[in-house]
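Residue numbers (my numbering): 770 to 1152.
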């Protein structure tokens, strides 16, 4: 019996059995440009198919506007990622966190509640280059029932932002006075808000982040000037700039480092043909995460398939491709008598064939076939 592993999927002979759930299957990227108007009875469509119903993450891409324009509009999930624009023009409750990325904008033209009860655990995170604009005094943001942001600069609705109740004001020991009055030009990242209030301390301060093509690899280099309660970096890559997957990790140099440049590097030894989008995710010891700006590298060249280990011990054979497989792509394993032992679809960039019974020593052919690419690779099996 032959089993083939392809990331989270397990193939048993010619039968594919679902394995680990892919988080991106639970992602809904809003189609645009819009504005796309939210309707509880008829939720917006997703680029991935279906609607926002049952999805855990909503992505609003750059150039797309999603508008909640009716009292009682609501959505429950894990997070809304804002790269474009999120407009809230009536009183709305969203039972999820909201992350506003570089170039993203949240317009609060009414009242937005992230959850309604204490202890809900939701957050509003504004990354560098992101903005939350609270227009006038009657507009506001609350998280888990705690009012945090207000618009307007005149008492009694909100003060003039000269004290510690503004995200733009100098940090002072908590507790801060809530709600926070909108600074000039809106609340701009990096800022974080939970039901406990404003927290201007992020686990990592990034000095720079670069991505450079070197031959057929990509060198990522970055440096920090502060690491507080910090665990590690997770390096993520995407072909679309929206759906990212982890390609590696780098441990932090220390849990608490202040006012000192700490350099890091990571090599993507198998970048994909075309555009490669890279981003860093910083993970602290409490499980909190922070994302940094995306870097893009374009790789030109030919399609390639690489097999490893070769020779193989007969227990497994892994192969990578540097391109997105087409729907009809198939991989076959053929023995030295020309007998096809296995044929199955190819769904991912990284793939592994695992065998219940070790392959006999000898020479095998791993054959990849699609409408636009064919490859035959000799694989030696030794014990």
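Heads up, the beta-carbon is just placed ideally off N, CA and C, and yes, glycines get one too.
Please read all numbers here as calculations on a predicted model, not as lab measurements.
For the beta strand (DSSP E) that contains residue i, what are its first and last residues?
i, result
"residue 919", "915–919"
"residue 883", "880–883"
"residue 876", "874–877"
"residue 1013", "That residue, residue 1013, is in no beta strand (DSSP E); it is neither H nor E in DSSP."
"residue 864", "861–869"
"residue 844", "843–851"
"residue 833", "Premise fails: residue 833 is in no beta strand (DSSP E) and is neither H nor E."
"residue 1177", "As shown, the chain starts at 770 and ends at 1152. That puts residue 1177 outside it, with no answer to give."
"residue 1045", "1043–1053"
"residue 855", "854–857"
Are the CB atoms of residue i and residue j nearer to each other than 8 Å?
i, j, result
"residue 866", "residue 838", "no"
"residue 1076", "residue 1150", "no"
"residue 875", "residue 901", "yes"
"residue 990", "residue 1019", "no"
"residue 852", "residue 826", "no"
"residue 1097", "residue 1140", "yes"
"residue 883", "residue 863", "yes"
"residue 881", "residue 917", "no"
"residue 897", "residue 959", "yes"
"residue 952", "residue 992", "no"
"residue 996", "residue 961", "no"
"residue 1036", "residue 988", "yes"
"residue 1046", "residue 1007", "yes"
"residue 899", "residue 873", "yes"
"residue 1044", "residue 1065", "yes"
"residue 1100", "residue 1115", "yes"
According to DSSP, is residue i helix, strand or coil?
i, result
"residue 1000", "strand"
"residue 1121", "strand"
"residue 1152", "coil"
"residue 795", "helix"
"residue 980", "strand"
"residue 1060", "strand"
"residue 1138", "strand"
"residue 1096", "coil"
"residue 820", "strand"
"residue 808", "coil"
"residue 801", "coil"
"residue 974", "strand"
"residue 964", "coil"
"residue 1067", "strand"
Do you know how far the Cα of residue j is from the Cα of residue i?
i, j, result
"residue 1003", "residue 1111", "35 Å"
"residue 807", "residue 956", "24 Å"
"residue 782", "residue 843", "At residue 782 the pLDDT is 30, less than 50, meaning the model places this residue with poor confidence and gives no usable figure here."
"residue 1086", "residue 963", "47 Å"
"residue 1092", "residue 1054", "35 Å"
"residue 986", "residue 1136", "25 Å"
"residue 1107", "residue 1059", "52 Å"
"residue 926", "residue 895", "Its pLDDT being 49, under 50, residue 926 is placed unreliably in this model, and the coordinates cannot settle the point."
"residue 1042", "residue 907", "50 Å"
"residue 823", "residue 815", "12 Å"
"residue 1125", "residue 1152", "15 Å"
"residue 848", "residue 820", "15 Å"
"residue 818", "residue 994", "42 Å"
"residue 1143", "residue 1057", "44 Å"
"residue 1062", "residue 856", "23 Å"
"residue 800", "residue 811", "14 Å"
Taking the alpha carbon of residue i as the reference point, which residue from the options has its own alpha carbon closest?
i, options, result
"residue 1121", "1074, 829 and 1032", "1074"
"residue 914", "905, 897 and 888", "888"
"residue 1015", "977, 1022, 1049 and 951", "1049"
"residue 850", "840, 869, 833 and 836", "869"
"residue 832", "821, 804, 822 and 1081", "804"
"residue 854", "836, 841 and 848", "836"
"residue 878", "1069, 840, 1060 and 1040", "840"
"residue 1132", "1090, 961, 1146 and 895", "1146"
"residue 947", "966, 953, 961 and 1013", "966"
"residue 999", "815, 1100 and 974", "974"
"residue 1130", "1117, 1082 and 1138", "1082"
"residue 1029", "1017, 1040, 1012 and 976", "976"
"residue 1039", "1123, 797, 845 and 1069", "1069"
"residue 1080", "1128, 920, 979 and 1116", "1128"
"residue 802", "813, 809 and 796", "813"
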